[in-house]
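Visitor: Let me begin by handing over the structure; questions about it come next.
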Amino acid sequence: MDLNEKGCLRNVFWAEAKCKATYGYFGDVIRIDTACLISKYEVPLVVFAGVNHHGQSVPLGCGLVAGETVESFIWLLRAWLTYMVGRPPQTIIIDQSRVMQTAIADVLPRASHCISLSHIMKKVPEELGGLHAYEVIKKVFTKAIYQSSRIDDFETAWEDMMLCHGIRDHKWLQTLHENRKHWVPVYLKDSFLAGMFGVILRERELSSPFDEYLSNHTPLKEFLDGYNQCLKEIYQREALADSESRNPSCMLKSRFYFEMQLSKIYTNHIFAKFQIEIEGMFSCLSTRQVGIDGSIITYIVKEREVENMNEAKDYEVTFNTDVADVLCGCGLFNLEGFLCRHTLCVLSQNGFKEIPPQYILSRWRKDVHRSYVLDYSCNFIDTKNPVHRYDNLYKCTVKLVEEGRKSYDRYKFTLEALGEILNRVSLQDHNTL
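Residues 1 to 433, numbered by our numbering, are exactly what the sequence shown covers, in order.
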């Protein structure tokens, strides 16, 4: 808790043991969701969230802040980082907030930070709606963002938009262009985003796992009262997805062994997304070698355009034959965490039947045992697992507190009993030593 000089509460941070354990598996990319502050919710909630192996948003810590100030965000980020034992994520996705950008630069200077693409796209009607030929500008704006495969393509499309519509002096667009390296997909190909960025058009970007439990007018007390139930439902949803992935019912859509291989490894959600790339291989018209430099071969994969079947687009793919490294200009592996159709075509042409192991990320696997997962269908507790021990003891203690608060006599008895238990536990530690 953060108190001011008068002892009044300003900011609060909290997290469960599960958050720290979950972060160990899915802490490479996090989303700091401040939608409650931007939309002036009654609950001034900030949520640290990750994405699990089912593509579900999972909590990694929460905060309540007195206001959108650099000081509040710095305090909250430091509290969160301390709880995570000083291990920063690779990438942080935030809303378009200068104060949050400043706080991240102070507390997490080495982490890449991206500005939420969905947040920017939601603001387009508000910021550009009053312009002449708004619908045309919106279409050009969207195409420049989503269909530019090279930086030069984006810059040319942006400059043409400025000139054709006379909007070079538009303040919001100027700010966007200044920050383009933090939100335009073509600039983010070197940042691992684990599918959290909503790069694919019409795909919703993941945000807070509490979205469905919180609205503008939800009172703070109501949210906090229901918080544990929210968590239970979030983890039950993950447990259900685990069960479904262990018993997959998906149909294969090709004869490529890539598909068969990953159907046994990926969770259902990730495999379904990968199947789109398998199907996309049939849209790739040709794969031709255009250069060779030692062990590195360069290919051009020509793919038929989805919107115009009479047109095709070229994608450059480099392949290192010594170490089976493959890299495509579309950048899908970093954006989504699995190989694209263009690299699959190159691998297939080089006689590969299986995906090289370095491109099968453990964060998407269904066969990795994750220590924070409890089986909600039974009372089994793995006593060798510290997270399970904490979770079970915490539940028992909460029940004890609820009973002890009901009267003064109960309170006094509970307090004395807890003191005695604490002494006995401490003595046990001394005896062990």
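No residue lacks a Cβ here, since even glycine has one placed at the ideal position from N, Cα and C.
In its own chain, which residues sit with a C-beta less than 8 Å from the C-beta of I292, not counting the 5 before and 5 after it?
Guide: The residues are T298.
Visitor: Given 8 Å as the limit, is there contact between the region 260-271 and the region 314-332, that is, 3 or more CB pairs closer than that?
Guide: These segments do not touch.
Visitor: Where does T321 sit, in a helix, a strand or coil, going by DSSP?
Guide: Coil at T321, not helix or strand.
Visitor: Once DSSP output is grouped into helix, strand and coil, what is the label at N310?
Guide: In this structure, N310 counts as coil in the three-state DSSP scheme.
Visitor: Roughly how many angstroms lie between the CA atoms of G50 and K395, to the nearest whole one?
Guide: Cα to Cα, the separation comes out at about 24 Å.
Visitor: Spell out the partners DSSP gives T287 in its beta bridges.
Guide: Beta-bridge pairing links T287 to V301.
Visitor: Comparing alpha-carbon positions, which option in H165, R110, K406 and I360 lies nearest D325?
Guide: The residue with the shortest Cα to Cα distance from D325 is I360.
Visitor: So, are the CB atoms of L81 and V107 less than 8 Å apart?
Guide: The answer is yes: Cβ separation under 8 Å.
Visitor: For L201, does the three-state DSSP call read helix, strand or coil?
Guide: Confidence at L201 is low in this model, with a pLDDT of 49, below 50, so its placement is unreliable and no value can be given for it.
Visitor: Please confirm whether I355 and Q261 have their CB atoms less than 8 Å apart.
Guide: Cβ distance < 8 Å, so I355 and Q261 count as in contact.
Visitor: Pull the bridge partners of S112 from the DSSP assignment, please.
Guide: Bridge partners of S112: T91.
Visitor: Is the number of C-beta pairs between the region 43-61 and the region 142-156 that are closer than 8 Å three or more?
Guide: The region 43-61 is not in contact with the region 142-156.
Visitor: Residue range of the alpha helix (DSSP H) that A49 falls in?
Guide: Unbroken run through A49 is the beta strand (DSSP E), L45 to V51; no alpha helix (DSSP H).
Visitor: How many Å lie between W172 and G63 at the Cα?
Guide: So the two alpha carbons sit approximately 29 Å from each other.
Visitor: Would you kindly check if the distance between the Cβ of L335 and the Cβ of L193 is under 8 Å?
Guide: Yes.
Visitor: Exposed or buried, H369, counting other C-beta atoms within 10 Å across all chains shown (16 or more means buried)?
Guide: Exposed: under 16 other Cβ atoms inside 10 Å.
Visitor: Given this structure, state the Cα-to-Cα distance separating L128 from P248, to the nearest angstrom.
Guide: Spanning the two alpha carbons is a distance of roughly 45 Å.
Visitor: Can you give me the start and stop residues for the alpha helix (DSSP H) that W80 sits inside?
Guide: Element bounds for W80: V70 to Y83.
Visitor: Do the CB positions of E238 and N52 come within less than 8 Å of each other?
Guide: It is a contact, given that the beta carbons lie within the stated cut-off.
Visitor: Select from H113, Y23 and E71 the residue whose C-alpha is nearest the C-alpha of K181.
Guide: Taking only the C-alpha atoms, the option nearest K181 is H113.
Visitor: Starting from I38, follow the alpha helix (DSSP H) in both directions and report where the run begins and ends.
Guide: Per DSSP, I38 belongs to the alpha helix (DSSP H) from A35 to I38.
Visitor: Check each candidate in P219, R389, W158 and H165 and name the one with the smallest Cα separation from A21.
Guide: Nearest C-alpha to A21: R389.
Visitor: Exposed or buried, what is K412 when buried is set at 16 or more other beta-carbons lying within 10 Å of its beta-carbon?
Guide: Per the 10 Å Cβ criterion, exposed.
Visitor: Out of curiosity, what's the CA-to-CA distance linking N228 and A15?
Guide: Near 12 Å, if we compare the C-alpha coordinates of A15 and N228.
Visitor: From the DSSP secondary-structure annotation, give me the bridge partner or partners of C328.
Guide: C328 pairs with V317.
Visitor: Between the alpha carbons of A312 and A103, how many angstroms are there, rounded?
Guide: Near 44 Å, if we compare the C-alpha coordinates of A103 and A312.
Visitor: Taking the alpha carbon of F338 as the reference point, which residue from L45, L240, W183 and I278 has its own alpha carbon closest?
Guide: Per the Cα distances, I278.
Visitor: Express the C-alpha separation of Y235 and S377 in angstroms, rounding to a whole number.
Guide: In this prediction, S377 has a pLDDT of 42, which is less than 50 and means its spatial position is unreliable; what the coordinates show is noted afterwards. Roughly 12 Å separates the two Cα atoms.
Visitor: Say whether chain B places a C-beta atom closer than 8 Å to the C-beta of H165.
Guide: Included in the structure is just one protein chain, with no chain B present.
Visitor: State the Cα-Cα distance for the pair S118 and E420, rounded to the nearest angstrom.
Guide: Rounded to the nearest angstrom, the two C-alpha atoms are 54 Å apart.
Visitor: Pick helix, strand or coil for I355, following the three-state DSSP scheme.
Guide: Note: I355 maps to coil in three-state DSSP.
Visitor: Locate the beta strand (DSSP E) running through R10, then write down its first and last residues.
Guide: L9 to W14 is the extent of the beta strand (DSSP E) around R10.
Visitor: Give a yes or no on whether the C-beta atoms belonging to C284 and H342 are separated by under 8 Å.
Guide: Taking 8 Å as the Cβ cut-off, C284 and H342 qualify as a contacting pair.
Visitor: S208 and V47 - do their beta-carbons sit closer together than 8 Å?
Guide: Result yes, Cβ atoms of V47 and S208 sit closer than 8 Å.
Visitor: What did DSSP end up calling S57 once you bin it into helix, strand or coil?
Guide: Three-state result, S57: strand.
Visitor: If distances are taken between C-alpha atoms only, which option among C8, T397 and R98 comes closest to L176?
Guide: Looking at the Cα atoms, R98 is the closest of the given residues.
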